[in-house]
Structure formats: C-alpha cells, structure tokens
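Novice: The sequence shown begins at -16 in my numbering and counts up by one.
Glycine included, C-beta positions come from ideal geometry on N, C-alpha and C.
The model shown is predicted, which means the values in this text are computed figures rather than measured ones.
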Amino acid sequence: MRIGVLTGGGDCPGLNAVIRAVVRKGIDTYGHEFVGFRDGWRGPLEGYAMDLDISRVRGILPRGGTILGSSRTNPFKIERGVEKIKENLAEQGVDALVAIGGEDTLGVATKLTELDVNVVGVPKTIDNDLNATDYTFGFDTAVNIAMEAIDRLHTTAESHHRTLVVEVMGRHAGWIALHAGLAGGANVILLPERKFDLDQVAVYVEKRYQTNYSPIIVVSEGAMPLDGQMVLATGELDAFGHVRLGGIGQWLAEQLEKKTGKEARAVVLGHIQRGGAPTAFDRVLATRLGLAAIDAVHEGDFGKMVALHGTEIARVPFIAATGELKTVPPARYGEAEVFFG
Ligand code: F6P
C-alpha cells in the first residue's frame, strides 16, 4: 500500500513521534510505502508532498513541531476541494491517509470518509478536548510547561506582594488550566466551562494575602466573566470559523488591581505551551497511537480514530470523536475549588 501522512491544525509536541512510529512499523513490519503531505490538508489539496522513508524519520522522536508542517486549511471551504484531494491522491498513487489532528482536521477526515476516501485518524491537541480518548498527546507537555511557569511565578509574586495572572491556552475547554493550576497550587482557576464572578475572584485574592502568600490565578484564554464576553485578540477568523482569542489575563489583572488595591501583573504563556520537546508520557502515547494507526490502515479499518482508553489503545469511529468536544465536568472543577482562596 502507498500511504499518505499529514499533520493538521495547531502543532503539538509528539507529532513527530507519531510520524516516526507510523513510518517505522509501516515499512519494517508491513512493507508499505509512504508519502508525507505538507501543511495539513493543504498537502493533498495542492499535491504538496515530500518523501517519507526511514532515513527521514531518524532522530525526530524528541523533536517538537512537525517535520511535515501544519496549517488550518479547510478543503470544504475551497472550490472543488474534495475533487482536488481525490485527484492528487490518485496521481500520487495513495491508497490511504493517516491524518493526525484535532477536532477540525479529524472533522474533515470524517466528511472525507463519507466520500470514500480511506482515512485513519490520530488524535492530537494540547487542549485535550477531543472526545472518545482519555488523553491526547501534547497535553501533558503543555501542562508541565505551564506548571513550571507557575512555580517560577510563585517566588517573584511573593517577593513583590503581587497578584500574578497566568493566561493559558484552552479555547472551549479548560483542561490545561485545570491541571496546571492544580499541579501549581493556583489560588483560583478560571475555565471556559464556567463563567466567573469577578467579585468572588477578588475575595479569593484578598484571602490569600491574609495568609501572607501571593495569589497566582490561572485563566484559560476562553474564560468569561459572568456579565461579559470572551476577550478577543482580533476579530480574525480561521478557515474553521474560530476567532483568535487572547487578552483575558491582562483584563483580569487590571480588574483585580482596582478591586483589591494590590499590584497585579499578567503573563501570557501562549505558544510556549506548544513548543519544544514532548514529555516522556507524550512520546510514549504518541508512539503507541502511531503504531495502532498503521495497524488499522494495514487491516483496512478506515473511518476510525485510534484512542487511549485507560491504558489500552482502542479504535473508535470518527463521529464519536468529532461529534462534540470533551469539556471539564463540574465535578472535576469541584475538586480544584477546594483549594481556591
Ligand atoms: O487548538 C490548539 C490551540 O493551541 C488552542 O489552545 C489555541 O486557542 C489555538 O490553538 C491557537 O491557535 P494559533 O496557533 O493558530 O494561534
């Protein structure tokens, strides 16, 4: 079989580990051939490809980013997009695709499957918001980066008796904020799933000062105050209709400074959370998902996503993963709330 591999959407530590596992097992165990499609769905759409063999994947296991490049290209927003993909796959002699991506990339894979394109999906996102898998690779790395930042911020916040607000990624789901905040001992954690009461946050901040300890607030970029809306960086939309977020941290720091009279600063971690080497957990998870994806392709079990269920790797229909996002359940937020204030 000749198999195309692509990585789409926001990049994520562990993508290269998946590519390596797919190619190594695909060639060594099954004798398949590979073509690497560049920049997500743009690759098959424009016939933009590169050779992908064992020498090309040597040494990439610990490297962040993706050797294939990525983009948020949506072929369904492009005239004759699907026909172009089918033509380019036929021209390159590609029988099947391994698509590594999040809700948008796998959403495209779901629709292409219905149009008779052979696709197996691998779940990827630092946000950990894909359904039907317990974890996505990249999440553990992002959480560790954010936790380390919080640890560092504690010491400087205490020296200056300041409130520090840390804005982390998470558009619709607050998994990064929840885990990094719990691991870092945050004073308050604010998520997109639950609108927050600014006055209550100010009460938590005051309480922490009473014990001579400086508050660290962890806020997801998509979090919203009770009577407000998401804070947007620009009005710009991507090809999947997502607006660019950013700014809630700064807004919150200003509000808390006014309400508490204590100096406050905001730190935006942004793309630092997505860069650099994956943790051991993410390398192992990405490798296992890659191995399972090439097994599914080899068996012709298309229209499926490989997923982590407990400690086992399973296969689920695309629709189970892309139908709706996995958000933080109220009970999980309740666990963190015990430590607020
Ligand atoms: O979906 C992953 C993610 O990192 C989100 O957490 C974030 O909102 C978005 O991507 C940022 O996108 P971009 O890299 O295109 O600015």
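State the DSSP-derived secondary structure class of V184, mapped to helix, strand or coil.
Specialist: Note: V184 maps to helix in three-state DSSP.
Novice: In the stretch 156 to 184, which residue ranges form an unbroken beta strand (DSSP E) of at least 3 residues, counting only runs that do not cross its ends?
Specialist: Counting only runs of 3 or more, we get 171 to 173.
Novice: Have a look at I231 and W158 and give me their C-alpha separation to the nearest angstrom.
Specialist: Going from the Cα of I231 to the Cα of W158 covers about 17 Å.
Novice: Inspect the beta-carbon positions of A163 and A129 and report whether they are closer than 8 Å.
Specialist: Yes.
Novice: Taking D134 as part of the alpha helix (DSSP H), name the residues at either end of that continuous run.
Specialist: Where D134 is concerned, the enclosing alpha helix (DSSP H) stretches over 122 to 143.
Novice: Do you know whose CA, among K245, G324, G19, V311, lies nearest D117's CA?
Specialist: It is V311.
Novice: Under 8 Å between the Cβ atoms of G48 and D87?
Specialist: No, the pair does not count as a contact, with Cβ atoms beyond the cut-off.
Novice: Who's in the neighbourhood of ligand 1, going by beta-carbon under 7 Å from any heavy atom, listed in chain order?
Specialist: Answer in sequence order: G(-8), G(-7), R55, G85, T108, I109, D110, M152, G153, R154, E204, D221, R227, L228, H254, R257.
Novice: Tell me whether F179, by its Cβ, gets closer than 7 Å to a heavy atom of ligand 2.
Specialist: Inclusion of ligand 2 in the displayed structure is not the case, the ligand content consisting of ligand 1 alone.
Novice: Between E240 and G211, what straight-line distance do the alpha-carbon atoms span, to the nearest angstrom?
Specialist: Looking at the two C-alpha atoms, the distance is approximately 18 Å.
Novice: Would you verify that the beta carbon of E282 is, or is not, closer than 8 Å to some beta carbon of chain C?
Specialist: No chain C appears in this structure, which consists of one protein chain only.
Novice: When DSSP labels each residue in this structure, what does G205 get in the three-state scheme?
Specialist: In this structure, G205 counts as coil in the three-state DSSP scheme.
Novice: Flag this pair as touching only if the stretch 62 to 73 and the stretch 23 to 32 have three or more C-beta atom pairs under 8 Å; answer yes or no.
Specialist: Because the criterion of three Cβ pairs below 8 Å is met, the stretch 62 to 73 and the stretch 23 to 32 touch.
Novice: Do E204 and R154 have their C-beta atoms closer together than 8 Å?
Specialist: Going by C-beta atoms, E204 is nearer than 8 Å to R154.
Novice: With respect to the beta strand (DSSP E) encompassing F20, which residues constitute its N-terminal and C-terminal limits?
Specialist: Where F20 is concerned, the enclosing beta strand (DSSP E) stretches over 16 to 20.
Novice: Within the continuous beta strand (DSSP E) that includes T(-10), where are the two ends?
Specialist: From DSSP, the beta strand (DSSP E) with T(-10) extends over -15 to -10.
Novice: Less than 8 Å between the beta carbons of A222 and A236, yes or no?
Specialist: Not a contact, by the Cβ cut-off of 8 Å.
Novice: Which parts of the stretch 221 to 284 are runs of the beta strand (DSSP E), unbroken and 3 residues or longer, counting only runs that do not cross its ends?
Specialist: Taking only runs of at least 3 residues, the beta strand (DSSP E) segments lying wholly in the stretch 221 to 284 are 226 to 228, 247 to 251.
Novice: Is the number of C-beta pairs between the stretch 120 to 135 and the stretch 3 to 15 that are closer than 8 Å three or more?
Specialist: Verdict: no, contact absent.
Novice: Between K94 and F122, is the Cβ-Cβ spacing less than 8 Å?
Specialist: No, the pair does not count as a contact, with Cβ atoms beyond the cut-off.
Novice: Can you tell me whether F17 is buried or exposed, with buried defined as 16 or more other CB within 10 angstroms of its CB?
Specialist: It is buried - the Cβ of F17 has at least 16 other Cβ atoms within 10 Å.
Novice: Suppose the cutoff is 8 Å on Cβ atoms and the five residues either side in sequence are ignored; what does the same chain contact list for M152 look like?
Specialist: Closer than 8 Å at Cβ, skipping near neighbours: I109, D110, A125, I159, S203, E204, L252, G253, Q256, R257.
Novice: Should L98 go down as buried or exposed, given a rule of 16 or more other Cβ atoms within 10 Å for buried?
Specialist: L98 comes out exposed.
Novice: So F89 and L(-11) are supposed to be a Cβ contact under 8 Å. How far apart are they, rounded?
Specialist: Sequence inspection shows Leu at residue 89; the Phe mentioned does not correspond to that position. Contact flag wrong, Cβ pair sits at about 11 Å.
Novice: Can you tell me whether DSSP reads P106 as helix, strand or coil?
Specialist: DSSP places P106 in strand when its eight states are reduced to three.
Novice: Run through the stretch 23 to 96 for me and flag every whole beta strand (DSSP E) of 3 or more residues, listed as ranges in chain order.
Specialist: The stretch 23 to 96 contains these whole beta strand (DSSP E) runs: 32 to 34, 79 to 84.
Novice: Using a threshold of 8 Å, state whether the C-beta atoms of G273 and A79 are closer than that.
Specialist: Taking 8 Å as the Cβ cut-off, G273 and A79 do not qualify as a contacting pair.
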